[in-house]
Amino acid sequence: MATTAPAPVFDRETLLAAARERTGLSDFGDTWFLEPMDRYIASANAEGKLTPSGFAGQTESILKGLASRLRMVEDIKRHPEILDEKVEVAAIILGLPRTGSTIFHRLLASAPGMTAIRWYEAQNYAPLPGDEPGNPQARRAYAQAMIDGWLNLSPELASIHPLDPEAPDEEIIILGQLFITTMVEAMTFIPSFAKWLDSYDQSKGYEDLKTILKYLQWQDPSRRNRKWVLKSPSNLPYTDVIADAFPDAVLVMTHRDPLEVVPSYVSMEAALYKLNSVHSDTEVGAFWFPRLAGWMKRFEEARARIGEDRFIDIDYREVAKEPLKQAERVLARIGIPLDAEIEAALAEFMAGNKREQRPMHDYSLERFGLEEQAIREAFASYRARFVR
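As numbered in numbering that gives the first Met the number 0, residues 0 to 387 make up the sequence shown, in order.
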């Protein structure tokens, strides 16, 4: 009688050993990340329902993050001047997902005097073997192969989120490799980890992010004296932490009606989970709708504590109608002088990044077992203030 092979499971020591073997290095620096790593492993093994290919993909995601950390620690030992880099984070884009934050982030980063983390850097923030100073060809190839694999498994991602190795993207991808922030739960269905994460102090992760930004700037000296713009909707429930980590940054809040945001994002999560596991649309909806509502409640409380002077509000509809005007509002606030060069750069970016150049993203409340009235009630205070 045939027997079914047991499902593979993650093991911390096996993963750490594999990362050491991959790099030939052994020093991870401060190992604070082992606690969230252990929590992730326990939840993923119990709840993730990963397919064999999904397990392999998530294993690679873990290993590349561990390998980047090993390589960065080694580079800092050899080049302690990395820690002397002066990084200015001038703006951080928050807001619920699917609020136009990606295009707005990339628009701001296209302005002369600005810079941002590139998608290929987020996947591997340390140089890979084969990279050369000023020519990170191995990392670019790795990133493109990732995108090709994702679109093969989940073609609908092409209409949901523009994937480009060179384009600015979210620091949350890096923080996810440290097993914190919501990027982890975005790629693996792990409700118990998500619940634990709500009460975890993420400040050490954001301190590490500061070092990683210095490391990226050291790799590309042309970024010196430029202002960084960060972006991630997944910062929303941890606004206090990122506001404290970057006290001089303007917090840019992008807004869109949750009646559109919730089904759009649940659709995105269904497409992402499809890369790694098998979950029903209603199961994804039942998890992510209250999760998003919880994020917003936490944000509203944090914004009241932080104070209105740190925030600038950007309406999704206004970005669609007048993107350059909205970008100039933020640039003026962070001290980037508006001139013909700025306007030309922004206009050039918008000309090459129109929404109609991607397939349409179809989604509905019904597909995910969601109800309009429930969303209205869950986001009532937010909609009353920001959705008119």
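All residues carry an ideal CB built from backbone N, CA and C; glycine is no exception.
Go through its chain and collect everything with a Cβ distance to residue i's Cβ below 7 Å, but skip five positions before and after it.
i      : result
Glu84  : Lys213, Gln216 and Trp217
Ala285 : Gly368
Met182 : Ile171, Ile172, Leu174, Gly175 and Ser233
Ala18  : Leu62, Leu65, Ala66 and Leu69
Tyr272 : Phe188, His278 and Val283
Arg297 : Pro236
Leu291 : Leu95, Val261 and Tyr264
Ser231 : Glu169, Glu170 and Ile171
Glu355 : Residue confidence is low: Glu355 scores 41 on pLDDT, short of 50, so the model does not pin down where it sits. Its coordinate-derived value is still stated next. Same-chain partners within the cutoff: there are none.
Asp247 : none
Phe398 : Within the shown structure, residues of the chain are numbered from 0 to 387, placing residue 398 beyond reach of any answer.
Met0   : Residue placement at Met0 is flagged as unreliable, the pLDDT there being 43, under the threshold of 50; a coordinate-derived value is accordingly withheld.
Thr22  : Ala66, Leu69 and Arg70
Asp200 : none
Thr2   : Residue placement at Thr2 is flagged as unreliable, the pLDDT there being 48, under the threshold of 50; the coordinate-derived value follows with that caveat. Taken in chain order, the list of residues that qualify is empty.
Which same chain residues end up closer than 6 Å to residue i when comparing Cβ atoms and leaving out the 5 residues on each side of it in sequence?
i      : result
Phe54  : Pro7
Leu152 : Leu274
Leu162 : Ile146
Gln325 : Ile313, Glu317 and Val318
Pro257 : Ile374 and Phe378
Leu49  : Asn275 and Ser276
Glu73  : Leu24
Glu327 : Leu337
Ile75  : Ile81
Asp280 : Ala269, Arg366 and Phe367
Do residue j and residue i count as a contact pair if the criterion is CB distance below 8 Å?
i      : j      : result
Arg381 : Met267 : Going by the sequence as given, residue 381 is Tyr instead of Arg. No; because the gap between Cβ atoms is not below 8 Å, this pair is not in contact.
Tyr124 : Met186 : no
Phe178 : Met36  : yes
Arg38  : Trp195 : yes
Ala142 : Tyr119 : yes
Ala339 : Glu155 : no
Ala121 : Glu169 : yes
Ala108 : Pro164 : no
Ala110 : Ala344 : yes
Arg138 : Pro128 : no
Pro322 : Leu14  : no
Arg97  : Arg223 : no
Report yes if the C-beta of residue i is less than 7 Å from at least one heavy atom of the ligand NAP; otherwise report no.
i      : result
Glu120 : Only the bare structure without any ligand can be found here, which leaves the ligand NAP out of the picture.
Given residue i, which residues of its chain have a CB within under 8 Å of its CB, disregarding the five upstream and five downstream residues?
i      : result
Val249 : Ala89, Ala90, Ile91, Arg309, Phe310, Ile311, Val329, Arg332 and Ile333
Glu370 : Leu364
His78  : Trp217
Ile305 : Thr238, Asp239, Ala242 and Leu250
Ala244 : Ser202, Tyr205, Glu206, Leu208 and Lys209
Glu376 : none
Pro289 : Ala377
Pro51  : Pro7
Ala346 : Leu323
Pro388 : Look at the range of the chain in this structure, 0 to 387, and you will see that residue 388 is not part of it.
Along the beta strand (DSSP E) that carries residue i, what are the first and last residues, could you check?
i      : result
Trp227 : Lys226 to Lys230
Name the one or two DSSP bridge partners that residue i has.
i      : result
Ser276 : Leu49
Ala90  : Val228 and Val249
Pro167 : Arg117
Asn134 : Glu131
His254 : Asp314
Tell me the residue span of the alpha helix (DSSP H) that contains residue i.
i      : result
Ala185 : Met182 to Met186
Ile311 : Here Ile311 belongs to no alpha helix (DSSP H); instead the beta strand (DSSP E) covers Phe310 to Asp314.
Val386 : Val386 -> no alpha helix (DSSP H), and no H or E assigned at all.
Asp197 : First-last for Asp197: undefined, no H or E at that position.
Thr210 : Ser202 to Gln218
Thr455 : Outside the shown range of the chain (0 to 387) lies residue 455, about which nothing can therefore be said.
Ala344 : Ala339 to Ala350
Thr238 : Thr238 to Ala244
Glu371 : Glu371 to Ala377
Thr101 : Ser100 to Ala108
Glu327 : Pro322 to Arg332
Is there at least one Cβ from chain D nearer than 8 Å to residue i's Cβ?
i      : result
Pro161 : The displayed structure is made up of one protein chain only, and chain D is not part of it.
- Query: Between the region 23-35 and the region 79-95, do at least 3 Cβ pairs fall closer than 8 Å?
  - Reply: no
- Query: Between the region 101-110 and the region 42-57, do at least 3 Cβ pairs fall closer than 8 Å?
  - Reply: no
- Examine the Cβ distances between the region 220-228 and the region 109-129 and report whether three or more of them are shorter than 8 Å. yes
- Do the region 43-52 and the region 177-191 meet, that is, are 3 or more Cβ pairs less than 8 Å apart? yes
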